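Just below is one structure, and these are the notes that go with it.
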Amino acid sequence: MSIILGKDDLAKYPFLEEAGTYIRESHFDLDDFNRSEFLHIIERATKRIEFALIQGKVFIDLEKYDIELFTFLVSLIMMKYIGEDSAIKKFSLLEAIRVERFLISDLLQEKDLRKKNLIISKIFRELFQLDVELDAKNKNLFKMNISDYLQRATPFNEVEWKLINRAVDNGYVYLDGDETVRLIRYEIYTLMYNRIKNMNITKIPEQIKLHATLVKNKLTPSIKYARRISDLPPCIKKALELLNKSENLPHSARFMLATYMLSIGKSVDEVVLLFQNAPDFNEKITRYQVEHLAGKKGSHTKYTVPSCCKLVNENLCYATIDCKGITNPIQFGRKK
Ligand code: SF4
Numbered sequence: 028m029s030i031i032l033g034k035d036d037l038a039k040y041p042f043l044e045e046a047g048t049y050i051r052e053s054h055f056d057l058d059d060f061n062r063s064e065f066l067h068i069i070e071r072a073t074k075r076i077e078f079a080l081i082q083g084k085v086f087i088d089l090e091k092y093d094i095e096l097f098t099f100l101v102s103l104i105m106m107k108y109i110g111e112d113s114a115i116k117k118f119s120l121l122e123a124i125r126v127e128r129f130l131i132s133d134l135l136q137e138k139d140l141r142k143k144n145l146i147i148s149k150i151f152r153e154l155f156q157l158d159v160e161l162d163a164k165n166k167n168l169f170k171m172n173i174s175d176y177l178q179r180a181t182p183f184n185e186v187e188w189k190l191i192n193r194a195v196d197n198g199y200v201y202l203d204g205d206e207t208v209r210l211i212r213y214e215i216y217t218l219m220y221n222r223i224k225n226m227n228i229t230k231i232p233e234q235i236k237l238h239a240t241l242v243k244n245k246l247t248p249s250i251k252y253a254r255r256i257s258d259l260p261p262c263i264k265k266a267l268e269l270l271n272k273s274e275n276l277p278h279s280a281r282f283m284l285a286t287y288m289l290s291i292g293k294s295v296d297e298v299v300l301l302f303q304n305a306p307d308f309n310e311k312i313t314r315y316q317v318e319h320l321a322g323k324k325g326s327h328t329k330y331t332v333p334s335c336c337k338l339v340n341e342n343l344c345y346a347t348i349d350c351k352g353i354t355n356p357i358q359f360g361r362k363k
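Reminder that position 45 of the sequence shown reads as 72 in our numbering, one-by-one numbering, no gaps.
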């Protein structure tokens, strides 16, 4: 294809091949990051990582393309140096959500059809081999063939993703911009995760190491929390285990997990992030639901953890000897 993306697009999508080409052609050397002129890039990357790992938020700030490309590169190197798999997963997910936001806005607001088609081609077709097309009549509608749709939407739990609830015509499924982008979240996440995991850098600049170490030290509370997982009731441990494998949890298991975590003092943000690996994770919907359970939305009723008896009936109980004598997961471990 002769058309190339604009620099503003590269700032939003720094994982594209063109962005790598720009960095290679700028004859930049990694050691340059030890020079004071580049400190602002390292500090910006640090902020981006802290936003994700500590605050659980997406870093939405968008700078000029060269600053964005180098910030992205440094962020990945810092994550490689931090090395914690759970941290890499969390960072990758929040980066995927960042890309999603830019992509949705481009698909919905871009008036130049040539550019819109180019973004679709570069990201959906070239990167993820998903053949998405603009609808001929409504340029805010997108279509893809049924088998591509099913391949990506089948793991999603919500009923609106079932084929029976979609507009289907002549072998194509029709989606709006949000839905089209949502279908590739897992692929964007995997792309980020693999970029970090497969990075092979023999010598990381000292300035980057220093900043990465400072971030890593701030992560201690979540590492401590990870260790305490062994103290959780078996039903909750099982639900977390399935989530970590990106398996679909039924609604009843999600309810149990969220109410339990809220009842042991986890914040809404922390509970939302627990669901980040769910195949149908949608930050906005999950946040709304968790806030509802916490009594911060709707009827302002704080929901309680279901009883063991109810969880047995829902096939969510994995009782062990340590469950003896308790009637609600919240009592687990209290005697100890
Ligand atoms: S007995 Fe209760 S706490 Fe133990 S696994 Fe079953 S539901 Fe969970």
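Cβ atoms here follow ideal geometry from the backbone N, Cα and C, with glycine treated the same way.
Remember, predicted model here, so these are calculated numbers, not experimental data.
Requested in this report: If I'm right that residue 188 touches residue 180 with Cβ under 8 Å, what's the distance once you round it to whole angstroms?
Outcome: Yes, they are in contact, since the Cβ atoms of residue 188 and residue 180 sit about 4 Å apart, within 8 Å.
Query raised in the report: Whose C-alpha, out of 175, 140, 170, 163, is nearest the C-alpha of residue 156?
Result: When 175, 140, 170, 163 are compared, the shortest CA-CA separation from residue 156 is found for 175.
Query - Same chain, Cβ closer than 8 Å to residue 35, neighbours up to 5 away in sequence not counted - result: Closer than 8 Å at Cβ, skipping near neighbours: 92.
Query raised in the report: For residue 223 versus residue 326, is the C-beta spacing smaller than 9 Å?
Result: no
Report task. Verify whether the separation of the beta carbon atoms of residue 283 and residue 356 is less than 9 Å. Result -> Cβ distance < 9 Å, so residue 283 and residue 356 count as in contact.
Report task. Grab the span of the beta strand (DSSP E) containing residue 194 for me, first residue to last. Result -> 194–196
Report task. Output the residue ranges of the alpha helix (DSSP H) runs that lie fully inside the stretch 299–361 and measure 4 residues or longer, sorted by chain position. Result -> Whole alpha helix (DSSP H) segments, 4+ residues: 310–320, 335–340.
Requested in this report: Could you spell out where the alpha helix (DSSP H) holding residue 42 opens and where it closes?
Outcome: No alpha helix (DSSP H) holds residue 42; DSSP gives it neither H nor E.
**Report entry** Outcome for residue 178 when other beta-carbon atoms lying within 10 angstroms are tallied against a minimum of 16
**Finding:** Classification for residue 178: exposed.
Query raised in the report: Can you name the residues that DSSP bridges to residue 171?
Result: 200
**Report entry** Cβ-Cβ separation, residue 68 to residue 87 (assumed contact under 8 Å), whole Å
**Finding:** Going by Cβ atoms, the distance from residue 87 to residue 68 rounds to 18 Å, so no, they are not a contact pair.
Report task. Just grab the DSSP bridge partners of residue 237 for me. Result -> DSSP lists no partner for residue 237.
Requested in this report: Determine the closest residue to residue 266 out of 129, 96, 302, with distance taken between C-alpha atoms.
Outcome: For residue 266, the closest alpha carbon among the candidates 129, 96, 302 is that of 302.
Report task. Say whether the stretch 55–75 touches the stretch 233–246, bearing in mind that this needs 3 or more beta-carbon pairs closer than 8 Å, one atom from each stretch. Result -> For the pair of segments examined, the stretch 55–75 was found to touch the stretch 233–246: the number of CB pairs separated by less than 8 Å reaches three.
Query raised in the report: Any idea which residues DSSP pairs residue 95 with across the strands?
Result: According to DSSP, residue 95 bridges with nothing at all.
Query raised in the report: Taking 8 Å as the cut-off, does the CB of residue 331 come closer than this to any heavy atom belonging to ligand 1?
Result: no
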